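In the working numbering, the protein residues as written are 25 to 160.
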């Protein structure tokens, strides 16, 4: 069983963004924090985090594993659950996420409160801090 925690972070008006991914498998943690090249809002960064996590697990050939994915983004969780988002700028993210999720045998996405997603949150914020520091 794999636990995948994903989170995105973004600055307000500047639009700098980063993602945090925490993967827990057999008690071993893998931590990934990545500053993003493109400018975007926080919701887009949350989708980017999910997409990165899915792509990464595919490169590790984990499609047959039982995977529980956790996000603190209600927008992402609800969009995936409903297979719909009214925001046009998020539709491509949603389509790609659903397509990637279809490659996994047992993939479950669940919304969790922020306090239960602190690992991924910290990784995203650290990567965002490094990005903003570099840009100034």
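Just so it is clear, CB atoms sit at the ideal spot from N, CA and C, and this is done for glycine as well.
Quantities reported herein were computed from a predicted structural model and do not represent experimental measurements.
| Query | Result |
| --- | --- |
| According to DSSP, residue 36 sits in a beta bridge with which residue or residues? | Paired residues: none, contrary to the question. |
| Using a Cβ-Cβ cut-off of 7 angstroms (strictly less than) and excluding sequence neighbours within five positions of residue 150, which residues of its own chain qualify? | 57 |
| Could you tell me the alpha carbon to alpha carbon distance between residue 101 and residue 70, rounded to whole angstroms? | 10 angstroms |
| Using the rule of at least 16 other Cβ atoms within 10 Å of the residue's Cβ for burial, across every protein chain shown, is residue 90 buried or exposed? | exposed |
| Got a sec, what are the start and stop residues for the alpha helix (DSSP H) residue 71 sits in? | 66-83 |
| Residue 28 to residue 77, Cα distance in whole Å? | 7 angstroms |
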